[in-house]
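For reference, the structure discussed in these notes is given below.
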Amino acid sequence: MDILVDSDIIIDFLNNQDYAVNFFKKENNKEFFISIISWIEVVYGFKKTKINNKKRFFEEFLEKFRIIIAPIDKKIAEKYLDVKIDLENKRESLADFDLLIAATAIVNNLILATRNTKHFKRIKELKLFL
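Right, here's the structure in full:
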């Protein structure tokens with residue numbers, strides 16, 4: 001099964017964290033995706049801090065690992081609404097960006113690779129990379 005990579009793993013890779021670097025090397029037989037939301041989160045950090053060389057490194061990283069940027073479409077928006085309402089009915093919540101990332105993984109039948117498993121494990125349909 002292919003993998004949707006959350007922004008925390010990407011940032012750790014860009015900061016040369018061993019586990020993140022090894023993750024991409026070890027899982028190189030899979031197809032990698034990131035949500036457009038994760039792209040926004042990562043690029044926002046670079047623009048805010050004016051670290052342009054990291055943005056270039058990020059773009060090179062996307063190319064090197066042939067990472068596909070997954071857009072948000074109507075199916076993902078519908079799944080986002082279903083998951084948000086389900087969590088609200090249980091008196092639980094999750095940030096909208098995280099819900100959109102989860103919905104992207106569910107709709108596209110992808111495993112989500114993230115360090116934030118505590119947040120995401122409440123979503124039954126979501127498959128997490130552990």
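All residue numbers for the sequence shown refer to the UniProt record's numbering, where the first residue is 1 and numbers rise by one.
Think of the CB as a built atom: it goes at the ideal place given N, C-alpha and C, for glycine as much as any other residue.
query = Going by beta carbon distance, what residues of the same chain come within less than 7 Å of Lys121, once the five residues before and after it are set aside?
reply = As a working mapping, residue 121 is identified with position 121 in the sequence shown. So the qualifying residues of the chain are Leu128.
query = Cα separation between Leu110 and Lys48?
reply = Residue 110 sits at position 110 when you count from the first residue of the sequence shown. Residue 48 sits at position 48 when you count from the first residue of the sequence shown. Distance between the alpha carbons of Leu110 and Lys48: 30 Å.
query = What is the rounded straight-line gap between the Cα of Ile36 and the Cα of Asp96?
reply = Residue mapping note: residue 36 aligns to position 36 of the sequence shown, counting from 1. Residue mapping note: residue 96 aligns to position 96 of the sequence shown, counting from 1. One C-alpha to the other measures close to 13 Å.
request  = Go ahead and label Ala105 buried or exposed: buried means 16 or more other beta carbons lie within 10 angstroms of its beta carbon, across all protein chains shown.
outcome  = The residue given as residue 105 occupies position 105 in the sequence shown. When all chains shown are included, Ala105 counts as buried.
task = Compare the beta carbon distance of Phe46 and Val5 with 7 Å and say whether it is the shorter of the two.
result = The residue labelled residue 46 in the question sits at position 46 within the sequence shown. The residue labelled residue 5 in the question sits at position 5 within the sequence shown. Contact flag unset, no.
ask   = According to the neighbour-count rule (16 or more other Cβ atoms, all chains shown, within 10 Å of its Cβ), is Asp18 buried or exposed?
value = Along the sequence shown, one-based indexing puts residue 18 at 18. Classification of Asp18: exposed, given that the 10 Å Cβ count is below 16.
task = Pull up the distance between the alpha-carbon of Lys74 and that of Tyr80, whole angstroms please.
result = As a position in the sequence shown, residue 74 is number 74, starting the count at 1. As a position in the sequence shown, residue 80 is number 80, starting the count at 1. If you take the alpha carbons of Lys74 and Tyr80, they lie about 10 Å apart.
ask   = In whole angstroms, what separates the C-alpha of Val43 from that of Val107?
value = Against the sequence shown, residue 43 aligns to sequence position 43. Against the sequence shown, residue 107 aligns to sequence position 107. Rounded to whole angstroms, Val43 to Val107 spans 24 Å at the Cα level.
query = For the UniProt domain "PIN" (3-125), which segments carrying the alpha helix (DSSP H) assignment without a break, of at least 4 residues, lie completely within its bounds, in sequence order?
reply = 7-14, 18-26, 36-49, 52-64, 74-89, 96-107 and 117-120
task = Starting from the C-beta of Ile67, find all residues in its chain whose C-beta is less than 8 Å away, skip the five residues before and the five after it, and write them out in chain order.
result = Position 67 of the sequence shown, counted from the start, is the residue given in the question as residue 67. These residues qualify, in order along the chain: Val5, Phe32, Phe33, Ile34 and Phe61.
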